[in-house]
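Heads up, the thing below is written out as structure tokens.
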Amino acid sequence: MDPETLLQLAGSSLRLATPLLLACLAGLWSERAGIFDIGLEGKMLAAAFTAGAFAAVTGSAWLGLLGGIGASLLLGLLHGFASITLRGNQIISGVAINFLASGLTALVGQNWFHQGGLTPQLSGAARFEPITLPFAAALSQVPVLGPVYAGLVSDHNILLYLALAAVPLTWWALHRTRFGLRLRAVGENPAAVDTAGISVTRLRYGAALIAGLLCGIAGAYLSTAMAAGFTREMTAGKGFIALAALVFAKWRPWPALGACLLFGLLEAIGIRYQTITLLGWTVPVQLMQALPYILTVVILAGFVGRAVPPRAGGRPYVKER
Amino acid sequence: MTVGTDTRGAGKPDLAIELAGVSKSFGPVEANRDIHLAVRRGTIHGIVGENGAGKSTLMSILYGFYQADAGEIRVDGRPTPIPDSRAAIAAGIGMVHQHFMLVEPFSVLENVVLGAEDGRLLRPSLARARDALRRLERDYELEVDPDAIVGDLSVGAQQRVEILKALYREARILILDEPTGVLTPAEADHLFRVLAALRDEGKTIILITHKLREIMAITDAVSVMRRGEIVRTLPTAETSPAELAELMVGRRVLLRVDKAPARPGEVVIEARRLSLTDAGGARRLRDVSFEVRAGEILGIAGVAGNGQSELLEILAGIRPATSGAALLRGRPLDLSRATNGADRRARGIAHVPEDRHRRGLVMPFAAWENACLGYQDEARFAARFGLLDRDAIRAAARADIARFDIRPPSCDLKAANFSGGNQQKIVIAREMDREPDVLLVGQPTRGVDIGAIEFIHRQIVTLRDRGKAIILVSVELDEIQALSDRILVMFDGAVSGTRRAEETDERELGLLMAGIDPKAKGAA
Amino acid sequence: MRTSPPRWADLALIPAVNLLLALLVAGLVVILIGENPLRAVELLVTGSLGSSYGIGFTLYYATTFVFTGLSVAVAYHAGLFNIGSEGQAQLGCLGVTLVCLALDRTHWLLVLPAAILAGAAFGGAWAFLPGWLQAKRGSHVVITTIMFNFIASALIVYLLVNTLKVPGSMSPESRTFEAGAHLPFFHEMLAAIGIRVSRTPLNLSALIALLAAGLAWALIWRSRLGYEMRALGHSEPAAVYAGIDPARIIVIAMVISGALAGLMALNVIMGSQHRFVLDSVGGAGFVGIAVALMGRNHPAGILLAALLFGILYQGGSELAFEMPDISRDMIVVIQALVILFTGALENLTRAPIERLLARRGAG
């Protein structure tokens with residue numbers, strides 16, 4: 000494999016990993032606070048549609064992003080209302096949100112734009128275009144460093160950089176701030192937080208909103224940065240791969256980056272090579288597609304390092320008598 | 000009612016805590032009734048009482064977890080409403096809960112800082128906490144590694160973290176709820192040194208316990224609670240374990256159960272050096288041995304949490320033992336798994352569990368469905384094709400209802416909708432139905448009304464007279480005395496003494512329950 | 000003494016109110032789209048129940064949902080949330096397809112028992128591992144079944160593209176079975192006794208679905224195994240006390256659940272499509288969640304809920320034809336709203352209704 004191909008593959012992995020990463024971090028915030036979130040897919044889809052629609056109508060990618068975040072936040076609040084306020088089943092709520100997004104995006108899309116559920120093709124300011132970082136041209140002649148800088152580090156859209164920045168930011172907020180400390184505590188032992196005089200409800204709503212925000216960016220990335228418009232079911236299971244990556248990363252931010260890059264790479268390879276031959280055996284492309292899920296099951300089974308979810312995950316907090 | 004200090008009128012400045020007329024009910028249950036309590040500043044004040052006497056409820060009111068229905072709380076002489084934990088903390092009250100309120104994957108420092116941070120960023124808080132911990136460690140022997148993960152610490156160390164949490168919040172009044180229940184004796188001694196040092200620094204400590212030895216060893220004053228009331232407050236120096244035991248148990252009308260002298264037959268079930276070490280490494284049972292004969296009731300007395308529950312569960316096949324053996328008619332029982340319940344029943348051991356809500360009944364099941372719980376695989380309830388014979392089960396349920404006068408007499412009512420006494424009758428009727436060789440009974444009359452108590456007692460004695468071996472675990476001493484032929488007292492996981500029922504009294508049993516054998520020489 | 004609401008409130012009133020709320024919100028969506036919701040309901044009902052054609056399709060869809068709804072319900076009674084019915088149904092399709100391909104030169108009466116066994120076995124096998132992992136390793140069955148759904152679809156795509164595809168064909172689907180592996184259609188059976196109805200995909204497996212509902216009812220409410228499953232589902236400590244091994248029951252419940260999901264293949268593969276195409280399951284496993292929730296996990300309720308979703312699916316197609324602005328996606332929205340209101344937001348109505356009834360009972 001020549002260096003240029005390698006570079007292209009790396010760049011493609013990075014672009015494919017970005018929505019996974021944002022959604023995965025969204026799940027991380029939610030689940031570290033003790034709320035299971037299998038509605039990542041739905042929130043992302045709703046955001047992708049709203050971002051695509053708003054960008055098409057207003058001509059501004061940024062307004063699109065705002066719309067996408069808004070849609071995702073609404074679903075996040077719904078999930079919070081069901082699982083925090085009403086103490087309902089978090090899994091059922093997530094399933095409902097996924098269907099709601101799937102149905103509404105297609106229905107409203109068709110009704111609004113009459114293009115078979117698609118939003119109009121975006122161009123110019125309605126899309127997040129790649130940004131060329133400073134010195135990319137100047138450095139391009141420097142061996143190794145130059146092409147890597149110009150071809151891999153530079154020339155991505157702003158949302159991708161935002162996603163990468165969200166990793167250290169998440170880590171920092173979780174481990175270096177008061178909010179993060181309390182949030183992690185509420186996912187492990189809400190009673191400890193309650194007896195310390197802190198509101199469990201407010202913390203959990205906070206987490207649900209952050210998850211909504213990140214899923215919103217992830218969705219906007221899909222329709223206004225990676226593609227030029229929304230297509231039906233464009234998340235195509237990415238929310239569930241993000242969930243898998245979250246388990247794979249054992250609910251930690253830096254490993255989440257690693258897991259998403261790995262799953263992005265698998266997808267990139269699958270797209271680029273229809274057939275891969277390994278030791279004389281042709282690896283089916285479907286195996287590549289299923290690999291994230293298979294790896295996650297292996298991790299879940301605890302055969303390779305045990306993945307222990309936050310202890311209070313999935314259970315509504317009820318003060319004990 | 001005798002109260003050590005007059006609590007009526009204006010608050011007194013030398014009192015850290017005053018409760019005046021505090022009452023609290025949960026539905027029809029009066030957990031606390033007209034409590035008056037005065038705790039002097041700079042003392043260790045013990046509160047003793049049996050399980051369910053209302054100690055924990057009272058302390059939860061003081062910590063803002065529950066709201067009192069009536070009465071006033073004064074802290075340092077000032078009336079102080081405590082609507083939530085935050086208010087309690089602000090008033091200088093800290094609490095070490097029986098079940099620790101710790102975040103196990105967090106470090107000690109993070110646990111200490113949680114909820115008492117200095118600002119939005121953690122670093123300054125953690126640095127300040129580190130200094131504070133170093134100081135507290137030096138002053139009070141509260142040594143823990145601030146960077147250790149709490150889940151990796153021993154139970155004793157985790158408890159020190161709870162105390163540190165309270166002290167870091169500058170608590171002047173520290174409440175400890177059954178602090179030694181989970182500790183080894185060495186850890187408990189360590190805790191007492193810490194508490195003494197805290198008192199000497201001017202802190203006020205309220206110690207809830209049912210262990211009389213601890214009260215005598217460490218407190219300055221002691222209040223005895225019984226059935227939701229404080230029956231007496233005394234200076235510790237002027238009382239004795241015997242007096243406290245008597246006050247705790249109370250001079251209740253002795254339950255009379257007419258029974259003929261036992262005519263024990265051959266040994267039916269025996270335990271040989273049963274031991275249990277739990278996941279946390281604490282020894283729950285230590286070399287417990289005994290035997291029970293046909294036609295005999297062995298009562299196991301002891302304050303709750305001294306190993307009786309574990310012993311019963313091991314014999315019932317729903318908890319594995321660490322070592323030792325149990326024999327039924329000379330043949331060993333499998334003690335290796337927690338799923339031997341069916342095997343025990345097949346061998347003629349029936350079990351009335353201590354906790355009917357969690358174990359003895361499936362609450363959303365109808366009464367008739369509960370009538371075969373545990374016996375669902377028996378031929379008498381089986382129809383063809385793996386189906387249950389509903390008619391047979393209903394017939395059995397109806398027979399139980401008639402025989403035990405269960406009310407309302409409805410097979411179809413959900414178990415949850417029966418009163419406590421009738422729920423218990425459903426369980427006991429079911430377990431006695433098949434004439435087991437051995438009946439294990441835990442807390443047969445907990446939460447049961449007086450009429451049902453007599454009835455249940457009579458049933459147990461009748462079963463004995465039919466030549467069955469019965470092991471009875473109860474925290475109600477008078478129940479043990481009324482029913483048992485022999486009484487085995489447990490303390491700290493071990494047998495502290497065995498007596499013939501007619502040759503002992505509550506005073507002696509109370510001492511044995513506190514781990515003191517009055518017949519042994521040099522007893523403390 | 001704690002009182003629960005009367006049985007009729009629990010079984011009928013609360014689900015009905017929740018369903019009504021879901022439909023009200025759906026009506027709002029229709030208004031927002033700019034159509035008349037009452038007219039939409041009319042189209043929906045006439046499209047699904049107004050003709051033998053509509054009824055046939057409605058019952059055809061309902062048949063599938065009975066299987067997947069039962070699948071979710073059986074697991075639920077053992078305290079397990081199986082969101083993997085979709086993947087288990089896909090494997091069931093594979094099993095039925097293999098049997099049909101092998102035996103389609105014989106007679107459907109011979110093929111049917113083998114197909115039932117294969118569909119149940121393949122679906123059950125796909126649920127076995129998540130069940131085993133939950134029982135023995137504590138891996139949360141919700142997450143593992145989601146993963147198994149995706150693994151199943153990758154596997155099925157691979158097999159359809161590489162193994163089952165007709166050589167030379169472009170479309171990833173198996174060959175069409177010979178007539179020996181076709182279940183009789185209802186319109187054929189009725190024609191044989193002289194009743195003429197429209198040609199619809201409704202086939203013999205509708206009766207098998209009824210039978211399955213009856214068996215599931217007997218399993219859950221009448222059998223010892225069902226008793227043990229329900230005991231475990233309500234209280235694990237009580238189950239252990241009763242001598243029930245939780246690990247064993249979890250695995251068995253999941254396998255039965257998977258087997259029921261797999262049996263939907265009888266209707267779709269052997270009953271109507273007569274071949275295995277990529278989208279044979281088409282989300283029916285997920286509809287099963289809504290059906291089970293709405294049917295309160297009782298087979299009788301599931302029959303009703305499946306019928307309702309059959310009406311939605313068939314009537315929705317007609318509706319989309321008449322009102323192009325209301326596409327078939329409206330069905331997914333309604334499905335989401337049903338899951339939301341009868342599942343996640345259940346406490347929204349339950350608490351007020353219980354309070355109301357308690358006050359009336361007391362007064």
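Chains as they are written, first to last, in numbering that gives the first Met the number 0: chain L, 0 to 320; chain W, 0 to 523; chain U, 0 to 362. All residues carry an ideal CB built from backbone N, CA and C; glycine is no exception. None of the values given here were measured: they were computed from a predicted structure.
Within a Cβ cutoff of 7 Å, which residues of the same chain sit near residue i, ignoring the five residues on either side of it in sequence?
i                 : result
Ile13 of chain U  : Thr348, Arg349 and Ile352
Gly264 of chain W : Arg292, Ala293, Gly294 and Gly466
Gly68 of chain U  : Gly287, Val290, Ala291, Gly294, Ile301, Ala304 and Ala305
Leu141 of chain W : Leu135, Arg159, Ile162, Leu163 and Val193
Arg358 of chain W : Pro352
Under the DSSP definition of a beta bridge, which residues are partnered with residue i?
i                 : result
Ala19 of chain W  : W:His35 and W:Glu71
Gly93 of chain W  : W:Leu173
Phe25 of chain W  : W:Val28
Ser274 of chain W : W:Ser322
Phe289 of chain W : W:Ala270
Leu471 of chain W : W:Gly298 and W:Val440
Val282 of chain L : L:Ile275
Kindly examine the ligand ATP and report whether one of its heavy atoms sits closer than 7 Å to the Cβ of residue i.
i                 : result
Gly179 of chain L : No copy of the ligand ATP occurs in the structure displayed, which carries no ligand at all.
Note down, in chain order, each residue of its chain lying with its Cβ closer than 8 Å to the Cβ of residue i, except the 5 sequence neighbours on either side.
i                 : result
Leu132 of chain U : Ser138, Val140 and Thr143
Ser92 of chain L  : Gly38, Leu77, His78, Ala81 and Ser82
Phe105 of chain W : Leu113, Ile148 and Val149
Gly87 of chain L  : Ala81 and Pro315
Report the neighbours of residue i on chain L: residues whose CB is nearer than 8 Å to its CB, in chain order.
i                : result
Ser84 of chain W : Asp193, Thr194, Ala195 and Gly196
Considering just the uninterrupted stretch of the beta strand (DSSP E) at residue i, what are its terminal residues?
i                 : result
His44 of chain W  : Ile43 to Val47
Pro234 of chain W : Glu228 to Pro234
Gly496 of chain W : Ala493 to Arg499
Ala220 of chain W : Ala220 to Arg225
Leu206 of chain W : Thr203 to Thr208
Residue i versus chain U: which residues are under 9 Å apart at the beta carbon?
i                 : result
Pro363 of chain W : Ser3, Arg229, His233 and Ser234
Go ahead and pull the three-state DSSP assignment for residue i.
i                 : result
Lys164 of chain W : helix
Phe80 of chain U  : coil
Phe105 of chain W : coil
Phe149 of chain U : helix
Ala349 of chain W : strand
List, in order along the chain, the chain W residues whose C-beta lies closer than 7 Å to that of residue i?
i                 : result
Val239 of chain U : Ile317, Ala337, Thr338 and Gly340
Leu214 of chain U : Simply none; closest approach about 10 Å.
Leu224 of chain U : Gly385
Under 8 Å Cβ-Cβ, which residues of chain C neighbour residue i?
i                 : result
Ser138 of chain U : Chain labels in this structure do not include chain C; the protein chains are L, W and U.
At which residues does the alpha helix (DSSP H) containing residue i begin and terminate?
i                 : result
Met489 of chain W : Per DSSP, Met489 of chain W belongs to no alpha helix (DSSP H); it is in the beta strand (DSSP E), Arg485 to Phe490.
Glu41 of chain U  : Pro36 to Leu48
Thr199 of chain U : Taken as a continuous stretch (DSSP letters only), Thr199 of chain U belongs to no alpha helix (DSSP H), as it is neither H nor E.
Trp250 of chain L : From DSSP, Trp250 of chain L is part of no alpha helix (DSSP H); its letter is neither H nor E.
Val165 of chain U : Neither: Val165 of chain U is in no alpha helix (DSSP H) and is coded neither H nor E.
Leu363 of chain U : Summary: the structure shown does not reach residue 363 of chain U, with chain U confined to residues 0 through 362, and so no result is reported for it.
Name the chain L residues whose beta carbon is nearer than 7 Å to that of residue i?
i                 : result
Val332 of chain U : Leu99, Gly102, Leu103 and Leu106
Glu345 of chain U : Gly87
Asp328 of chain U : Gly102, Ala105 and Leu106
Once the 5 residues before and after residue i are set aside, which same chain residues still bring their CB inside 6 Å of it?
i                 : result
Ala61 of chain U  : Ala305, Leu306 and Gly309
Met326 of chain U : Residue identity differs from the one stated: residue 326 of chain U is Ser in this sequence, not Met. Excluding residues within five positions, the ones whose Cβ falls inside 6 Å are Ala319.
Pro123 of chain W : Asp117
Using the beta-carbon of each residue, which ones in chain L are nearer than 9 Å to residue i?
i                 : result
Met100 of chain W : Asn188, Ala190, Ala191, Val192, Asp193, Thr194 and Ala195
Residue i touches chain U at which residues, Cβ-Cβ below 7 Å?
i                 : result
Pro352 of chain W : Tyr240
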